[in-house]
Amino acid sequence: MAERVPIREGTFQEGPDGGVLLANKCTSCGQLFFPKAKLCLACLHEDLDEAPLGRKGTLYSYTIAHMPSSFFPPPHAMGYVDLPEGLRVFAPLKIVDDKPFDVGMEMEVVIEKIWEFEGKELMGYVFKPV
Ligand SMILES: [Zn+2]
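Going letter by letter, the sequence shown gives residues 38 to 167 in my numbering.
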């Protein structure tokens, strides 16, 4: 089995129920950041704690690309998902034939292989319709 490598260390965590995205939260003002920030962009405090996010959100906007890219065969989709914590996450979207994208629909994060590189499976997060 190929080695599995996260596209970026500390961005998500796999668990028995699937995966969660990992944000960080300012210990002073409580502002959340995803991707994680090195310091709080709201109050400049430098102390932030890791904060797992909820697995489900709602689709804010999306686009489906029909041009081939270096890594993704067409069609592939990208979009913004609003999470209950108040974060809007930009992410690849999984196209599910019998669940066409619809703004406001419920989406769920899944951790899966994004592409293969030098014999390794690069793992990342995508949102799919629930
Ligand atoms: Zn802060």
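The C-beta atom is built at its ideal place from N, Cα and C for all residues, glycine as well.
Closest by C-alpha distance to Q50, out of H103, K165, P166 and M160, is M160.
Spanning the alpha carbons of A79 and E122 requires a straight line of approximately 16 Å. Taking 6 Å as the cut-off, one finds at least one heavy atom of ligand 1 near enough to the beta carbon of H82.
Take the alpha-carbon of M144 and the one of G56: they are about 13 Å apart.
Following the DSSP letters along the chain, one finds F154 inside the beta strand (DSSP E) bounded by residues E143 to F154. Close CB contacts of K73 within its chain, under the 6 Å cut and outside five residues either way in sequence, are with N61 (chain order). Residue burial is scored here from C-beta neighbours: V163 has at least 16 other C-beta atoms within 10 angstroms and is therefore classed as buried. For A60, the CB stays at least 6 Å from every heavy atom of ligand 1. The three-state secondary structure of V57, taken from DSSP, is strand. In this structure, P166 lies near K136, with their beta-carbon atoms less than 7 Å apart.
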